[in-house]
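Q:
Chains as they are written, first to last, in UniProt numbering: chain A, 1 to 475; chain B, 1 to 475.
#1: In chain B, which residues lie with their C-beta within 7 Å of the C-beta of residue 195(A)?
#2: If residue 382(A) and residue 473(A) are in contact, beta carbons under 8 Å, what's the gap, nearest whole angstrom?
#3: Does any C-beta atom of chain A lie closer than 7 Å to the C-beta of residue 131(B)?
#4: Note down, in chain order, each residue of its chain lying with its Cβ closer than 6 Å to the Cβ of residue 77(A), except the 5 sequence neighbours on either side.
#5: Could you tell me the boundaries of the alpha helix (DSSP H) in which residue 474(B) lies?
#6: Which residues in chain B have a C-beta closer than 7 Å to the C-beta of residue 433(A)? List them in chain order.
#7: For residue 249(B) and residue 128(B), I'd like the C-alpha separation in whole angstroms.
#8: Examine chain A for any beta-carbon lying closer than 7 Å to the beta-carbon of residue 237(B), and answer yes or no.
#9: Going along chain A, which residues have a C-beta under 8 Å from residue 395(B)?
#10: Using a cut-off of 9 Å between C-beta atoms, extract the partners of residue 350(B) located in chain A.
#11: Output needed for residue 142(A): all residues of its chain with C-beta closer than 7 Å, excluding positions within five of it in sequence on either side, in chain order.
#12: Counting Cβ pairs, one atom from each stretch, are 3 or more of them under 8 Å apart for the region 333-343 of chain A and the region 287-307 of chain A?
#13: Following a CB-centred definition, is residue 442(B) positioned closer than 6 Å to any heavy atom of the ligand FMN?
#14: Roughly how many whole angstroms lie between the Cα atoms of residue 359(A) and residue 227(A)?
#15: DSSP beta-bridge partners for residue 272(A)?
#16: Kindly list the residues whose CB is nearer than 6 Å to the CB of residue 324(A), restricted to its own chain and excluding five residues on each side of it in sequence; keep chain order.
#17: With 16 other CB atoms within 10 Å as the buried threshold, where does residue 12(A) fall?
#18: Just checking: is the beta-carbon of residue 330(B) within a distance shorter than 7 Å of some beta-carbon in chain A?
#19: Would residue 320(A) pass as an interface residue toward chain B - the criterion being a Cβ-Cβ separation below 7 Å?
#20: Helix or strand or just coil, what does DSSP make of residue 45(A)?
#21: Which residue spans inside the region 231-303 of chain A form an unbroken beta strand (DSSP E) run of at least 3?
#22: Taking 7 Å as the threshold (C-beta atoms), are residue 30(A) and residue 5(A) in contact?
#23: Listed from N- to C-terminal order along the chain, which residues in the region 176-203 of chain A have their beta-carbon within a distance smaller than 8 Å of any beta-carbon of chain B?
#24: Can you confirm whether residue 355(A), when its beta carbon is compared against all beta carbons of chain B, has any partner nearer than 7 Å?
#25: Report the three-state DSSP secondary structure of residue 21(B) (helix, strand or coil).
#26: Does the Cβ-Cβ distance between residue 299(B) and residue 283(B) come in under 7 Å?
#27: Is the region 409-429 of chain B close to the region 380-400 of chain B, with three or more CB pairs under 8 Å?
#28: Suppose you measure from the CA of residue 192(B) to the CA of residue 204(B); what does that come to, to the nearest Å?
#29: For a contact defined as C-beta to C-beta under 9 Å, what are the partners of residue 413(B) on chain A?
#30: I want to verify the contact list: residues of chain B whose CB lies under 8 Å from the CB of residue 392(A), in sequence order.
#31: In this structure, does DSSP put residue 456(B) in helix, strand or coil?
#32: Looking at the structure shown, is residue 66(B) part of a helix, part of a strand, or coil, going by DSSP?
#33: Would you say residue 85(A) and residue 316(A) are within 7 Å of each other, going by their C-beta atoms?
#34: Between the region 192-202 of chain A and the region 453-470 of chain B, do three or more beta carbon pairs fall short of 8 Å?
#35: For residue 430(A), would you say it is in contact with chain B, using Cβ-to-Cβ distances shorter than 7 Å as the test?
#36: Taking residue 362(A) as the query, report the chain B residues whose CB atoms sit under 7 Å from its CB, ordered along the chain.
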């Protein structure tokens, strides 16, 4: 085994999980992490709640400070960008504050993450137009929303990490009275809630006719009607063609049929894996992300990839898939750290399990929900949606909970599901995720011995009721 | 197949689930349910919340009214007690309001339920001493707690079903200023909460040193400290020897070391299956409940048993077990109704999954938690307990969540677990219950692709953190 360092490109979830695990178990090899930015190991998913003000300081979103990393024995170099990788010589070239240098590696983990897509929206460069990817974006948006008379850049709690110039510029501007969110996915829905907590008009544009498309129709419909009740103006099936501005400042959004004046725009139309650094050296998958094996290794010896830049195997379809989510990144990183340390550990699979909060609604999804996707994966899917109470009907606080389950009608195997409701709905998706990992049939699922207590669940939990109905339709 | 009626003894969860399923699918055979009491199909588990006042009317606790049953094609006869069963002649003898008669059956379901144990407590006959098993008990306790100046028996919302004489007698008495609960299981803990919502002193006596013994040590400890914070006086390891009274009215409880004056006593020391009706005709299991096969059939042809009087197979140990809980009763009843109708359906297994609310705490348990029991079942158990946040640490409302997981150190298989915490803890037990049904190893469990969103779960859900720690201790 090499005695050269374990080199990690990217100091976020996957990279620092791997580095931590490796450094903890391996005393005789260096662990070096190169991060091109100033922030490391921060909670992407927490940024909407920072903008909303429920999280006070930007630094509250750090899972691991540079000091923590040092204590764990990690040589963490921020503002160091890896600009080239030579997989034959096993060397990376690094641009740092003190110049460019070569760093040999014994093993390399590519954890370059993903970036927010902005390109289809013409006018993204205008002042008042944002994406939400990283803490500097979050800081700038909150600065824009706050009252310049009373708020300060220091009040953002970004410490030494924050892009203060950008934040200060937005803080000095008049707070927006209206915002258009482009994209009705996770970021769009969470930011609709965040913006609404300020007293501004919130418009949500979604090119397709449905928000939270990955969560399926039943969740999307329920969330749309809830967003409406919360005062969000929905513009579904209405693609934004471009952003209009003058003197470099946003003035409005332009759709095919009409224009809408707004003071701010948030673009949340998805992510794109950062693969450019290694796209000539390692194989990419069909998704465009880096192809990996069950240990997270690329097709090149000693080169691993994990997190938002890499593919993983889908639990249900058994095919490589690209799922830029937090737990898989952490899990794969940790496994690779252990594998490189000499104790091979599979990175595991992904069921694309996800949860999202939409104001008072809790939403969850796992596995295959879209019937076309299920057919394309070789299944003969059948799906049922039910609505049932979250608690015994007589117990106060029972909330309507809508569950969709999808199964393969040939084998009876459960393929996926979604859930939405106001009372403990999201956590229930984990029951479905567990059943998918175990490849349970609907019949087996229906017979699960789940818990029952009036304050928490009816006798038949809504997920079991859905299974009963779905099974009835298969047989 | 017989054309004689499907006869059900007992009109509660198992019995009426079976009758409903059978009547719905079988047009040419009668469905007759004999219930010796006036109440049918009521939610046992809801009674503490009726006493507490969170449920307004006793009749709110009915899942199926006699009228509903009739509409489903069930011939429901209340106040009809089956007093003898002749399994050779396939006839039951019934005592009803109009005399005694014989009723032939094609198939018979024994759903006689269980009764609350009271016998170890001398003095149970005294006024002011209660068990909580059934709606008349619940009505009497609430009547006792209410102000006789303003409350009425009609206000209990018991309709035609209530034992009004008993309720009226307790309503006319001075409300208690103190209560001793004997037994720290489900009923004891739930009733501690119910009594505390009235302004009275609540004492909880538990013979063993621990409340909620079935939930394991970590849950018990957490609940005890919470009960204390809520003002409940705990008397652990202090067995009540007898109840003291004069003129037929309770005056206090007597322990070995001392006495305590109280105005009311609730005895909640467990249940006992009602098997006397058929104990000579069908085989009983070691638990004392009726032995059944995977279709809920006893050792006698055409005689089934389900619910609180019957055994089921334990998911983890594969042994017959007696678990008087709501979902297994409903599930087994429904399956038997379908089997008798000609489409055999297994009753399923039980993992003894249970949830309970203790004031602000949510508790759950599933599978084997007690290490001695696990050893006795042939495993080599190892157990770990962790405490982690219920949400991302920076998100408001994250609550300490304590998870215990137990695994077999030879096979790595997960054997059971428990959970306690204030934020969505109970529902998380269903993840463990699902994993037990699927016979997952700790390693597989650790790799589950569960959901993550800051408001609902940290990146690694507490159950995954527990799995990581437990796996580390096995390898």
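Even glycine gets a Cβ: it sits at the ideal position worked out from N, Cα and C.
Treat the numbers as computed from the prediction; the structure is a model and nothing was measured.
A: Result, derived from the coordinates:
#1: The contacting residues do not exist; residue 195(A) stays about 17 Å from chain B at best.
#2: 6 Å
#3: no
#4: 34
#5: 462-474
#6: 448, 449, 450 and 451
#7: 7 Å
#8: no
#9: 46, 49, 54 and 55
#10: 449
#11: 50, 51 and 156
#12: yes
#13: Looking for the ligand FMN in the displayed structure turns up nothing, as the structure carries no ligands at all.
#14: 8 Å
#15: 115(A)
#16: 114, 271 and 308
#17: buried
#18: yes
#19: no
#20: helix
#21: 233-236, 240-246, 249-255, 259-261, 264-267 and 271-273
#22: yes
#23: none
#24: yes
#25: helix
#26: yes
#27: yes
#28: 7 Å
#29: Correct list: empty, because the minimum Cβ distance to chain A is about 13 Å.
#30: 43, 45 and 46
#31: coil
#32: helix
#33: no
#34: no
#35: yes
#36: 456
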